[in-house]
Every structure is written in C-alpha cells, then in structure tokens.
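> Following this message is one structure expressed as structure tokens.
Numbering (the working numbering), first residue to last: 316 to 563.
In structure tokens:
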C-alpha cells in the first residue's frame with residue numbers, strides 16, 4: 316500500500332485528511348490512483364492511518380480515514396548515529412542503509428582525520444539533499460518516522476550532545492569490549508536511547524578516543540577485521556537491532 320508522511324498529523328476513523336503539494340501530484344500523476352483506492356498516511360507519532368481516496372481535485376487529494384493502527388516498524392531502542400564525516404558519496408549509502416535498519420537520527424561529525432572538510436555553505440546544501448534521501452528511504456522501508464539528518468557538527472559539539480543519551484557506544488578500530496557484552500550491559504541498565512559513534516576513513520585520533528572514554532562511552536569492537544567507515548555503521552546497527560530483539 317502506498318505510504319505518505321504528513322508531519323504531526325493524528326486523525327481517527329471517520330476524519331478527513333487533505334494532501335497537497337508533491338505528494339498529491341505523486342498520488343494523482345505518478346501512481347495514477349483514483350477515488351476508492353487505499354493508501355497509508357503516517358504522521359510520525361506512532362500510528363498509521365489507513366485511508367481511502369475520496370476525490371482528486373487538481374493538486375489536492377481528499378482522504379477519509381478508515382483505520383488507525385500502531386506503527387509496527389519502529390524499534391524498541393532509539394539509536395542516533397554520530398558518523399565521522401566520510402568522503403565522496405559514502406554518507407548517502409550510510410543514510411539509506413541505517414534508516415532501513417531502524418536508526419532514529421544521523422549526525423555528520425567533522426573529526427580530526429576526516430578527509431572531506433566542506434565549508435558551512437556546502438554542508439547546508441548537502442544536508443537538504445540528505446534529508447530528502449532520508450524521507451525517501453523511510454517511505455520505501457515502511458518506517459513510522461522520517462529520521463533526521465542533522466547539520467554537520469564538530470567533535471567538541473558532539474561530546475556535548477552525547478550527554479543527552481542514556482548510553483554511548485563508540486566503535487574503535489584499536490579494539491574494545493565485544494559488542495554483545497556492551498549491549499547486555501545497556502539492556503541491564505534499561506537504556507533505550509543509545510548513541511553510536513563511528514570514525515571517518517582514518518579512524519579516531521588518539522585524543523578523540525581518549526575524550527570519548529573519559530565522557531563515559533563504552534568502547535566496543537565489531538570483530539577482528541577493520542571495517543570501512545561506510546560498512547561499520549551498517550554492521551553496528553544490524554548487530555544492535557538483532558541483540559535487542561528488533562530483527563525477529
């Protein structure tokens with residue numbers, strides 16, 4: 316069933332919803348849907364509204380809400396990825412795949428060994444494109460929210476942001492605790508708001524690794540092989556989702 320996001324909308328059976336803009340054009344022109352056909356609207360609040368098209372009027376689509384059901388696709392843990400800024404188009408792959416795996420948000424971080432170092436203007440343009448990609452990925456895989464791709468921040472700002480999470484895991488190429496041990500410790504502490512930190516192509520500078528340890532982050536490893544910066548967050552997400560029962 317086609318799926319559309321309308322931010323913060325919450326309707327009950329019998330209510331109506333009006334869709335405008337690009338989504339309305341997509342429904343009418345690209346999908347060629349007609350009155351009486353069904354689609355799903357998600358407001359990002361934990362519910363899906365199954366709707367029937369009441370009518371299509373130019374660039375406006377009128378819907379009637381038939382059923383409202385809890386969104387089943389959102390995981391029981393909220394994971395925010397702090398990704399050391401990679402070069403090229405690697406971040407696009409990371410965004411797409413981690414959203415499919417259930418990430419809540421993605422924050423690019425300019426680290427000491429980041430090869431790509433865009434200026435603020437260039438970074439802002441890319442963020443807009445990344446957010447559109449996030450929306451597309453969320454629709455494709457049936458997410459209940461559109462994960463946010465944040466603005467690029469520096470390492471010091473990231474350290475400050477990490478304090479708001481219940482648990483932080485940074486994946487260090489120089490070794491750490493097995494991820495299974497770390498996840499069990501987090502589960503014992505009943506932490507559900509988790510940050511994971513991945514380094515760029517060159518890995519973490521020793522001073523960055525030390526700062527993360529001193530901040531209270533768990534140091535974890537993804538095995539004896541060194542993974543590429545675009546592989547590590549995908550592997551980490553899959554492993555955490557499996558260990559927390561979100562891939563059953």
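Positions of the beta carbon are idealized from the N, C-alpha and C atoms, including for glycine.
(1) Here's the rule I'm using: 16 or more other beta-carbon atoms within 10 Å means buried, otherwise exposed. How should residue 346 be labelled?
(2) Suppose contacts are defined by Cβ-Cβ distances below 8 Å. Is residue 369 in contact with residue 339 by that definition?
(3) By alpha-carbon positions, which one of 403, 429 and 448 ends up nearest to residue 414?
(4) I believe residue 392 touches residue 561 by the beta-carbon criterion, under 8 Å. Please report the beta-carbon distance rounded to the nearest angstrom.
(5) Can you find the residues in the same chain that come closer than 6 Å, C-beta to C-beta, to residue 343, ignoring five residues on each side of it along the sequence?
(6) Just curious, the beta strand (DSSP E) that residue 377 is in, first and last residue?
(7) Do residue 494 and residue 554 have their C-beta atoms closer together than 8 Å?
(8) When we look at the beta-carbon of residue 523 and count the other beta-carbons within 10 Å, is it buried (16 or more) or exposed?
(9) In whole angstroms, what is the alpha-carbon distance linking residue 479 and residue 382?
(10) Is it true that the CB of residue 429 sits closer than 8 Å to the CB of residue 399?
(11) I think residue 510 touches residue 477, with their Cβ atoms under 8 Å apart; what is that distance to the nearest whole Å?
(12) Between residue 382 and chain C, is any beta-carbon pair separated by less than 8 Å?
(13) Compare the beta carbon distance of residue 498 and residue 559 with 8 Å and say whether it is the shorter of the two.
(14) Check for me: the beta strand (DSSP E) holding residue 372 runs from which residue to which?
(15) In its own chain, which residues sit with a C-beta less than 8 Å from the C-beta of residue 469, not counting the 5 before and 5 after it?
(16) Secondary structure at residue 495, three-state DSSP: helix, strand or coil?
(17) Using the Cα positions of residue 516 and residue 488, report the straight-line distance between them to the nearest angstrom.
(18) Would you mind listing the alpha helix (DSSP H) stretches within the region 410-481 that are 4+ residues and don't spill past its ends, in chain order?
(19) Residue 324 to residue 543, Cα distance in whole Å?
(20) Starting from residue 528, trace the alpha helix (DSSP H) both ways and give me its first and last residue.
(21) How big is the Cα-Cα spacing for residue 420 and residue 461?
(22) Taking its Cβ as the centre, do 16 or more other Cβ atoms sit within 10 Å of residue 548, making it buried, or is it exposed?
According to the data block:
(1) exposed
(2) no
(3) 448
(4) 7 Å
(5) 371
(6) 375-385
(7) yes
(8) buried
(9) 36 Å
(10) yes
(11) 5 Å
(12) Protein chain content of the structure displayed is limited to a single chain, and chain C is not contained in it.
(13) yes
(14) 362-372
(15) 424 and 425
(16) helix
(17) 11 Å
(18) 435-455 and 470-477
(19) 39 Å
(20) 521-529
(21) 9 Å
(22) buried
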